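In what follows, a structure is listed as C-alpha coordinates, so that the remarks can point back to it.
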Amino acid sequence: MLYEIFERVLALEASGRKIIKMNVGEPPEDIHPEILECMVKAIRDGKVKYTSSKGMVKLRRELAAIHGVDEDNIVITPGSKWGIYASIRVILRNNDGNVMVFAPFWPAYSLMVTDIGKYLKVVDLKFSGNNWILDFNRLTENIGNVKLLILNSPNNPTSTMIKYDELKKLVKLLDEFNITAISDEAYIDLSFIEAKSLIDLTSECIVVRSFSKLFSMTGLRIGYVIASKEVASAIANYNSATITCVPEFIQEAALKALELRNEIAKYMVDKYRVRAEIAYKILTEAGFKVAKPEAGFYIFPKINIDSNAFFLKLLESEGIAVTPGSAFGNFNDFIRISLTVDNQFLTNSLNRLVRCYEYFK
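All residue numbers for the sequence shown refer to this note's numbering, where the first residue is 158 and numbers rise by one.
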(Lines of atoms letter the chains of each structure in order from A and count residues from 1; the text may use other names and numbers.)
(Lines give C-alpha, C1' and ligand atoms only; values in the text may rest on other atoms or scores of the structure.)
Protein backbone atom coordinates (compact mmCIF):
# COMPACT_ATOMS: atom_id res chain seq x y z
CA MET A 1 0.00 0.00 0.00
CA LEU A 2 2.84 2.44 0.76
CA TYR A 3 4.01 2.27 -2.80
CA GLU A 4 0.52 2.71 -4.26
CA ILE A 5 0.06 5.83 -2.12
CA PHE A 6 3.42 7.17 -3.27
CA GLU A 7 2.49 6.64 -6.93
CA ARG A 8 -0.93 8.26 -6.43
CA VAL A 9 0.65 11.36 -4.91
CA LEU A 10 3.20 11.56 -7.73
CA ALA A 11 0.40 11.30 -10.30
CA LEU A 12 -1.49 14.17 -8.65
CA GLU A 13 1.67 16.28 -8.67
CA ALA A 14 2.24 15.46 -12.33
CA SER A 15 -1.27 16.74 -13.07
CA GLY A 16 -0.30 20.13 -11.61
CA ARG A 17 -1.72 19.73 -8.09
CA LYS A 18 0.40 21.07 -5.22
CA ILE A 19 0.70 18.33 -2.59
CA ILE A 20 2.21 18.60 0.87
CA LYS A 21 3.90 15.21 1.13
CA MET A 22 3.73 14.05 4.73
CA ASN A 23 3.54 10.45 3.59
CA VAL A 24 7.16 9.93 2.59
CA GLY A 25 9.80 8.39 4.87
CA GLU A 26 12.62 10.47 3.47
CA PRO A 27 14.42 13.45 5.00
CA PRO A 28 14.24 16.48 2.65
CA GLU A 29 17.62 17.85 3.74
CA ASP A 30 20.37 17.97 1.13
CA ILE A 31 23.43 15.78 1.45
CA HIS A 32 26.14 17.62 3.42
CA PRO A 33 28.31 19.45 0.84
CA GLU A 34 31.50 17.79 2.09
CA ILE A 35 29.97 14.35 1.50
CA LEU A 36 28.87 15.38 -1.97
CA GLU A 37 32.28 16.84 -2.81
CA CYS A 38 33.99 13.68 -1.58
CA MET A 39 31.79 11.52 -3.80
CA VAL A 40 32.33 13.70 -6.88
CA LYS A 41 36.09 13.68 -6.28
CA ALA A 42 36.04 9.89 -5.95
CA ILE A 43 34.31 9.61 -9.33
CA ARG A 44 36.80 11.98 -10.92
CA ASP A 45 39.65 10.01 -9.36
CA GLY A 46 38.39 6.89 -11.12
CA LYS A 47 36.90 5.10 -8.12
CA VAL A 48 34.23 3.51 -10.29
CA LYS A 49 35.60 -0.05 -10.51
CA TYR A 50 34.67 -3.25 -8.72
CA THR A 51 35.51 -3.52 -5.05
CA SER A 52 35.10 -6.26 -2.47
CA SER A 53 31.62 -7.74 -2.04
CA LYS A 54 32.20 -7.26 1.71
CA GLY A 55 32.84 -3.56 1.21
CA MET A 56 35.97 -1.43 1.33
CA VAL A 57 38.30 -2.39 4.16
CA LYS A 58 38.75 1.20 5.38
CA LEU A 59 34.98 1.72 5.63
CA ARG A 60 34.42 -1.59 7.41
CA ARG A 61 37.33 -0.84 9.73
CA GLU A 62 35.83 2.54 10.68
CA LEU A 63 32.40 1.01 11.32
CA ALA A 64 33.99 -1.79 13.33
CA ALA A 65 35.71 0.78 15.56
CA ILE A 66 32.41 2.61 16.12
CA HIS A 67 30.58 -0.58 17.11
CA GLY A 68 33.40 -2.36 18.95
CA VAL A 69 33.52 -5.36 16.63
CA ASP A 70 35.98 -6.81 14.12
CA GLU A 71 35.97 -5.57 10.52
CA ASP A 72 35.06 -9.11 9.43
CA ASN A 73 31.78 -8.69 11.33
CA ILE A 74 30.79 -5.89 8.94
CA VAL A 75 29.48 -6.17 5.39
CA ILE A 76 28.45 -3.18 3.28
CA THR A 77 25.11 -3.47 1.48
CA PRO A 78 23.18 -1.39 -1.09
CA GLY A 79 20.88 0.10 1.53
CA SER A 80 19.62 -1.41 4.77
CA LYS A 81 16.64 -2.92 2.94
CA TRP A 82 19.01 -5.18 1.00
CA GLY A 83 20.85 -5.93 4.24
CA ILE A 84 17.63 -7.16 5.84
CA TYR A 85 16.61 -9.16 2.76
CA ALA A 86 20.04 -10.78 2.39
CA SER A 87 20.07 -11.62 6.11
CA ILE A 88 16.68 -13.32 5.87
CA ARG A 89 17.82 -15.39 2.89
CA VAL A 90 21.08 -16.39 4.57
CA ILE A 91 19.45 -17.44 7.85
CA LEU A 92 16.55 -19.33 6.27
CA ARG A 93 18.28 -20.75 3.18
CA ASN A 94 18.40 -24.28 4.64
CA ASN A 95 15.67 -23.84 7.22
CA ASP A 96 11.94 -24.58 7.16
CA GLY A 97 11.17 -22.07 9.91
CA ASN A 98 9.12 -18.90 9.62
CA VAL A 99 9.57 -15.25 10.49
CA MET A 100 7.96 -13.12 13.21
CA VAL A 101 7.52 -9.37 13.30
CA PHE A 102 5.90 -6.98 15.77
CA ALA A 103 3.17 -4.74 14.35
CA PRO A 104 2.76 -1.99 13.38
CA PHE A 105 5.58 -2.72 10.95
CA TRP A 106 7.19 -1.52 7.74
CA PRO A 107 5.40 -3.43 4.94
CA ALA A 108 8.64 -4.21 3.08
CA TYR A 109 9.24 -6.98 5.65
CA SER A 110 6.19 -8.83 4.40
CA LEU A 111 7.32 -8.50 0.79
CA MET A 112 10.77 -9.85 1.65
CA VAL A 113 9.49 -12.85 3.61
CA THR A 114 6.87 -13.90 1.08
CA ASP A 115 9.38 -13.46 -1.75
CA ILE A 116 11.44 -16.33 -0.36
CA GLY A 117 8.39 -18.48 0.29
CA LYS A 118 8.18 -18.11 4.05
CA TYR A 119 5.28 -17.24 6.33
CA LEU A 120 5.26 -14.02 8.34
CA LYS A 121 3.76 -14.30 11.82
CA VAL A 122 2.54 -10.90 12.98
CA VAL A 123 2.28 -10.10 16.69
CA ASP A 124 0.52 -6.81 17.40
CA LEU A 125 1.94 -4.49 20.02
CA LYS A 126 -0.61 -3.17 22.52
CA PHE A 127 -1.47 0.52 22.39
CA SER A 128 -2.29 1.45 25.96
CA GLY A 129 -1.98 4.72 27.85
CA ASN A 130 -0.44 6.39 24.80
CA ASN A 131 2.34 3.78 24.78
CA TRP A 132 3.19 0.80 22.59
CA ILE A 133 3.77 -2.28 24.75
CA LEU A 134 5.21 -5.68 23.84
CA ASP A 135 2.77 -8.41 24.89
CA PHE A 136 4.94 -11.38 25.89
CA ASN A 137 1.94 -13.67 26.34
CA ARG A 138 0.91 -13.03 22.75
CA LEU A 139 4.51 -13.48 21.67
CA THR A 140 4.95 -16.89 23.29
CA GLU A 141 1.59 -18.07 21.95
CA ASN A 142 2.82 -17.45 18.40
CA ILE A 143 6.44 -18.54 18.69
CA GLY A 144 6.01 -22.06 17.32
CA ASN A 145 8.16 -22.80 14.22
CA VAL A 146 9.61 -19.28 14.28
CA LYS A 147 13.33 -19.22 13.47
CA LEU A 148 13.78 -15.52 12.80
CA LEU A 149 12.47 -12.32 14.40
CA ILE A 150 12.65 -8.96 12.66
CA LEU A 151 12.88 -6.23 15.28
CA ASN A 152 12.49 -2.57 14.36
CA SER A 153 13.36 -0.19 17.20
CA PRO A 154 13.08 2.78 16.85
CA ASN A 155 9.97 1.80 15.00
CA ASN A 156 8.50 2.85 11.70
CA PRO A 157 5.67 4.02 11.91
CA THR A 158 5.37 4.77 15.65
CA SER A 159 8.78 6.44 16.25
CA THR A 160 8.90 4.70 19.63
CA MET A 161 11.41 2.21 21.04
CA ILE A 162 11.09 -1.09 22.82
CA LYS A 163 11.87 -0.37 26.46
CA TYR A 164 15.20 -1.62 27.81
CA ASP A 165 13.58 -4.06 30.26
CA GLU A 166 11.44 -5.46 27.45
CA LEU A 167 14.52 -5.79 25.25
CA LYS A 168 16.40 -7.76 27.94
CA LYS A 169 13.42 -10.06 28.44
CA LEU A 170 13.11 -10.52 24.68
CA VAL A 171 16.78 -11.49 24.33
CA LYS A 172 16.35 -14.20 26.99
CA LEU A 173 13.26 -15.54 25.21
CA LEU A 174 15.00 -15.64 21.83
CA ASP A 175 17.91 -17.51 23.36
CA GLU A 176 15.55 -20.00 25.01
CA PHE A 177 13.80 -20.78 21.72
CA ASN A 178 16.95 -20.57 19.56
CA ILE A 179 15.55 -17.75 17.42
CA THR A 180 17.81 -15.39 15.48
CA ALA A 181 16.95 -11.69 15.59
CA ILE A 182 17.50 -9.18 12.81
CA SER A 183 17.47 -5.72 14.36
CA ASP A 184 16.55 -3.03 11.84
CA GLU A 185 18.06 0.12 13.35
CA ALA A 186 17.63 2.54 10.45
CA TYR A 187 16.38 5.30 12.78
CA ILE A 188 18.56 4.76 15.86
CA ASP A 189 20.92 7.63 14.99
CA LEU A 190 17.93 10.00 15.11
CA SER A 191 17.02 9.17 18.72
CA PHE A 192 15.78 11.89 21.08
CA ILE A 193 16.39 9.72 24.17
CA GLU A 194 19.04 7.14 25.00
CA ALA A 195 18.77 4.25 22.55
CA LYS A 196 20.02 0.71 23.02
CA SER A 197 21.10 -1.38 20.07
CA LEU A 198 20.34 -5.08 20.27
CA ILE A 199 24.07 -5.69 19.90
CA ASP A 200 24.53 -3.97 23.29
CA LEU A 201 22.72 -6.93 24.85
CA THR A 202 23.78 -9.89 22.74
CA SER A 203 26.29 -10.71 20.03
CA GLU A 204 23.96 -13.48 18.83
CA CYS A 205 22.02 -11.21 16.51
CA ILE A 206 22.18 -9.43 13.18
CA VAL A 207 22.09 -5.63 13.26
CA VAL A 208 21.27 -3.67 10.12
CA ARG A 209 22.05 0.04 9.85
CA SER A 210 21.54 2.69 7.19
CA PHE A 211 23.21 5.85 5.91
CA SER A 212 19.90 6.99 4.39
CA LYS A 213 18.06 8.71 7.21
CA LEU A 214 20.72 10.49 9.27
CA PHE A 215 22.83 11.55 6.30
CA SER A 216 20.02 12.17 3.76
CA MET A 217 21.66 9.64 1.44
CA THR A 218 18.48 7.73 0.54
CA GLY A 219 19.11 7.57 -3.21
CA LEU A 220 22.73 6.48 -2.87
CA ARG A 221 21.65 3.11 -1.45
CA ILE A 222 24.17 2.23 1.20
CA GLY A 223 23.85 0.49 4.54
CA TYR A 224 25.65 -2.22 6.46
CA VAL A 225 25.17 -5.39 8.45
CA ILE A 226 26.84 -6.32 11.74
CA ALA A 227 26.81 -10.08 12.26
CA SER A 228 28.91 -13.08 13.18
CA LYS A 229 31.82 -13.64 10.81
CA GLU A 230 30.04 -16.67 9.38
CA VAL A 231 26.84 -14.75 8.62
CA ALA A 232 28.71 -11.68 7.36
CA SER A 233 30.71 -13.89 4.99
CA ALA A 234 27.52 -15.55 3.73
CA ILE A 235 25.92 -12.15 3.06
CA ALA A 236 29.08 -11.05 1.22
CA ASN A 237 28.82 -14.19 -0.92
CA TYR A 238 25.19 -13.34 -1.64
CA ASN A 239 26.27 -9.83 -2.63
CA SER A 240 28.86 -11.36 -4.95
CA ALA A 241 26.24 -13.55 -6.60
CA THR A 242 23.76 -10.70 -7.09
CA ILE A 243 24.72 -7.02 -6.82
CA THR A 244 28.51 -7.64 -6.85
CA CYS A 245 29.38 -4.69 -4.60
CA VAL A 246 28.33 -1.23 -3.52
CA PRO A 247 30.01 1.31 -5.85
CA GLU A 248 33.33 2.49 -4.47
CA PHE A 249 32.54 6.21 -4.82
CA ILE A 250 29.40 5.75 -2.71
CA GLN A 251 31.45 3.98 -0.04
CA GLU A 252 33.89 6.90 -0.08
CA ALA A 253 30.94 9.22 0.54
CA ALA A 254 29.84 7.02 3.45
CA LEU A 255 33.33 7.19 4.94
CA LYS A 256 33.21 10.99 4.79
CA ALA A 257 29.74 10.90 6.38
CA LEU A 258 31.16 9.02 9.35
CA GLU A 259 33.75 11.77 9.83
CA LEU A 260 30.89 14.29 10.05
CA ARG A 261 28.58 12.01 12.06
CA ASN A 262 28.50 13.96 15.33
CA GLU A 263 27.94 17.32 13.63
CA ILE A 264 25.17 16.01 11.38
CA ALA A 265 23.53 13.98 14.15
CA LYS A 266 23.25 17.01 16.45
CA TYR A 267 21.71 19.10 13.67
CA MET A 268 19.23 16.43 12.58
CA VAL A 269 18.23 15.27 16.06
CA ASP A 270 17.67 18.84 17.28
CA LYS A 271 15.56 19.63 14.21
CA TYR A 272 13.34 16.55 14.37
CA ARG A 273 12.95 16.69 18.14
CA VAL A 274 11.39 20.15 17.76
CA ARG A 275 9.11 18.94 14.97
CA ALA A 276 8.04 15.95 17.04
CA GLU A 277 7.19 18.26 19.95
CA ILE A 278 5.17 20.55 17.66
CA ALA A 279 3.23 17.63 16.21
CA TYR A 280 2.65 15.96 19.57
CA LYS A 281 1.33 19.19 21.10
CA ILE A 282 -1.07 19.95 18.24
CA LEU A 283 -2.41 16.41 18.03
CA THR A 284 -2.84 15.81 21.77
CA GLU A 285 -4.50 19.19 22.27
CA ALA A 286 -6.90 18.23 19.48
CA GLY A 287 -7.80 15.09 21.44
CA PHE A 288 -5.89 12.44 19.51
CA LYS A 289 -4.36 9.51 21.37
CA VAL A 290 -0.72 9.22 20.32
CA ALA A 291 2.61 7.98 21.64
CA LYS A 292 5.22 10.69 21.98
CA PRO A 293 7.94 10.17 19.33
CA GLU A 294 11.28 9.03 20.72
CA ALA A 295 13.25 9.01 17.46
CA GLY A 296 13.01 9.48 13.71
CA PHE A 297 10.52 11.63 11.86
CA TYR A 298 7.07 10.06 12.19
CA ILE A 299 4.10 10.35 14.48
CA PHE A 300 1.31 7.75 14.54
CA PRO A 301 -1.93 9.09 16.06
CA LYS A 302 -5.08 7.07 16.61
CA ILE A 303 -7.95 8.71 14.72
CA ASN A 304 -10.81 6.26 15.47
CA ILE A 305 -12.15 6.44 11.91
CA ASP A 306 -11.31 4.64 8.68
CA SER A 307 -7.78 5.78 7.81
CA ASN A 308 -8.14 5.02 4.10
CA ALA A 309 -11.22 7.21 3.79
CA PHE A 310 -9.56 9.97 5.82
CA PHE A 311 -6.42 9.77 3.69
CA LEU A 312 -8.49 10.32 0.54
CA LYS A 313 -10.51 13.16 2.06
CA LEU A 314 -7.39 14.94 3.33
CA LEU A 315 -5.61 14.52 0.01
CA GLU A 316 -8.54 15.74 -2.09
CA SER A 317 -9.73 18.60 0.11
CA GLU A 318 -6.46 19.89 1.59
CA GLY A 319 -3.76 18.56 -0.73
CA ILE A 320 -2.05 16.89 2.23
CA ALA A 321 -0.76 13.33 1.90
CA VAL A 322 -0.34 11.08 4.94
CA THR A 323 -0.23 7.29 5.16
CA PRO A 324 -3.19 5.18 6.32
CA GLY A 325 -2.42 2.98 9.31
CA SER A 326 -3.68 -0.05 7.40
CA ALA A 327 -0.37 0.02 5.50
CA PHE A 328 1.37 -1.15 8.69
CA GLY A 329 -0.91 -3.98 9.76
CA ASN A 330 -4.26 -4.13 11.50
CA PHE A 331 -4.21 -0.43 12.39
CA ASN A 332 -6.85 1.11 10.15
CA ASP A 333 -7.80 3.64 12.85
CA PHE A 334 -4.31 5.20 12.85
CA ILE A 335 -2.41 7.38 10.38
CA ARG A 336 1.31 7.90 9.94
CA ILE A 337 2.42 11.51 9.53
CA SER A 338 5.94 12.21 8.30
CA LEU A 339 7.45 15.28 9.97
CA THR A 340 9.52 16.08 6.90
CA VAL A 341 8.33 19.62 6.22
CA ASP A 342 9.60 22.78 7.90
CA ASN A 343 8.12 23.92 11.21
CA GLN A 344 5.76 26.52 9.74
CA PHE A 345 4.45 24.13 7.09
CA LEU A 346 4.13 21.43 9.74
CA THR A 347 2.08 23.60 12.08
CA ASN A 348 -0.16 24.84 9.27
CA SER A 349 -0.63 21.37 7.78
CA LEU A 350 -1.46 19.73 11.10
CA ASN A 351 -4.00 22.44 11.93
CA ARG A 352 -5.62 21.84 8.54
CA LEU A 353 -5.56 18.10 9.21
CA VAL A 354 -7.36 18.66 12.52
CA ARG A 355 -10.01 20.83 10.82
CA CYS A 356 -10.50 18.23 8.11
CA TYR A 357 -10.87 15.55 10.77
CA GLU A 358 -13.55 17.55 12.60
CA TYR A 359 -15.46 17.97 9.34
CA PHE A 360 -14.99 14.31 8.44
CA LYS A 361 -16.44 13.11 11.75
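All C-beta atoms in this analysis are idealised placements derived from N, C-alpha and C, irrespective of residue type, glycine included.
As the structure is a prediction and not an experimental result, all values here were calculated from the model.
{"query": "Nonlocal neighbours in the same chain, by C-beta distance under 7 angstroms from K204, ignoring five residues either side", "result": "E405, F406 and E409"}
{"query": "Cβ shell of A568 (< 7 angstroms), same chain only, five flanking positions each side left out", "result": "The requested residue 568 does not occur in the structure, where the chain is confined to residues 158 to 518."}
{"query": "Cβ pair count under 8 angstroms reaching 3, the segment 246-255 against the segment 419-436", "result": "no"}
{"query": "Per-residue burial, L167 [other beta carbons within 10 Å of its own, 16 or more giving buried]", "result": "exposed"}
{"query": "C-alpha gap between A389 and K211, whole angstroms", "result": "8 angstroms"}
{"query": "Supposed contact pair N294 and F262 - C-beta distance, whole angstroms, cut 8 angstroms", "result": "Going by Cβ atoms, the distance from F262 to N294 rounds to 19 angstroms, so no, they are not a contact pair."}
{"query": "Test item: CB-CB of K329 and N299 under 8 angstroms", "result": "no"}
{"query": "Residues near A260 in its chain [Cβ-Cβ closer than 6 angstroms; skip 5 each side]", "result": "V279, D281 and G486"}
{"query": "Short Cβ contact (8 angstroms threshold) for T271 with W289", "result": "no"}
{"query": "Supposed contact pair T337 and K304 - C-beta distance, whole angstroms, cut 8 angstroms", "result": "7 angstroms"}
{"query": "Touching by the beta-carbon criterion (3+ pairs, under 8 angstroms), the segment 453-470 and the segment 412-421", "result": "no"}
{"query": "For M179, three-class secondary structure by DSSP", "result": "coil"}
{"query": "Beta-carbon contacts of Y437 that lie in its chain and below 8 angstroms, excluding the five residues immediately before and after", "result": "V447, K449, P450 and I456"}
{"query": "Within the segment 442-510, ranges of the alpha helix (DSSP H) (whole runs, at least 4 residues)", "result": "464-475"}
{"query": "Y344 beta carbon less than 8 angstroms from that of A452", "result": "yes"}
{"query": "Contact set for C513: own chain, Cβ-Cβ below 7 angstroms, skip 5 residues either direction", "result": "K470, L471, S474 and E475"}
{"query": "Opening and closing residue of the alpha helix (DSSP H) in which W239 lies", "result": "S237 to L249"}
{"query": "Cross-strand partners of W289 (DSSP beta bridge)", "result": "F284"}
{"query": "Residues that D341 bridges to, as DSSP identifies them", "result": "N309 and V365"}
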